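Encoded as structure tokens, the structure appears first; notes follow it.
Residue numbers (the working numbering): 419 to 571.
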């Protein structure tokens, strides 16, 4: 009898552990984006190499994407995989590599169709007097370093 009582209690605990608001779970049973902790946006900064060097130390291209998968690189609002996705970059997209935090790179890049103007248009190929937040005219955000290949810098 004691064993039967134990099994019933264990079964009840298992069921209660699986219950909860179904809207907090995706179709595979994992947490939805709504349940992920919020990550505050962190702007990309430039000028780390001082006033005699380019605002961003390197230039790279997006690489190592899976052509059978999504074939894009998510640009995040902060150096964190849980941060908001603010853009997507395709293969071979050129980016100025301005700041590194862990395995995340703060990048600056021209809008689609303006690739030819690249570094000069974005102002990252010229010195800035001090470290500061990048404020345009191009886009900026954070990407995983495993998907950017250094070309110059």
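Here a beta-carbon is modelled for each residue, glycine too, at the ideal position from N, C-alpha and C.
Since this is a predicted model, take the numbers as computed values, not measurements.
Original post:
Can you give, in chain order, each stretch of the alpha helix (DSSP H) that sits fully within the region 488-555 and has at least 4 residues?
Top reply: 536-540
Original post:
Can you give the Cα-Cα distance for residue 505 and residue 526, rounded to whole angstroms?
Top reply: 12 Å
**OP:** Determine the contact status of residue 455 and residue 500, defining contact as a CB-CB distance below 9 Å.
**Re:** yes
**OP:** Check whether the Cβ of residue 493 lies closer than 8 Å to any heavy atom of the ligand HEM, and answer yes or no.
**Re:** By its list of ligands, the structure shown contains no ligand whatsoever, and the ligand HEM lies outside what it can speak to.
**OP:** May I have the straight-line CA-CA distance separating residue 469 from residue 483, to the nearest angstrom?
**Re:** 35 Å
Original post:
With a CB to CB cut of under 7 Å and the five nearest residues on each side skipped, what residues in its chain are close to residue 465?
Top reply: 473, 546, 548, 549 and 550
Subject >> Given residue 518 as reference, the closest of 529, 467 and 539 once Cα atoms are compared >> reply: 467
**OP:** Determine which residues share a DSSP beta bridge with residue 567 and list them.
**Re:** 479
**OP:** Give the straight-line distance between the Cα atoms of residue 570 and residue 463, rounded to the nearest whole angstrom.
**Re:** 19 Å
Original post:
Below 9 Å between beta carbons: does that hold for residue 560 and residue 524?
Top reply: yes
Original post:
Apart from the five residues on each side of it in sequence, which residues of its chain come closer than 6 Å, Cβ to Cβ, to residue 481?
Top reply: 567
Original post:
Going by other Cβ atoms of all chains shown within 10 Å of its Cβ, with 16 needed for buried, is residue 487 buried or exposed?
Top reply: exposed
Original post:
Quick one: is residue 520 buried, meaning 16 or more other Cβ sit within 10 Å of its Cβ, or exposed?
Top reply: exposed
Original post:
Since residue 561 sits in a beta bridge, which residues does DSSP pair it with?
Top reply: 523
Subject >> Option in 563, 564, 541 and 562 with minimal Cα separation from residue 553 >> reply: 541
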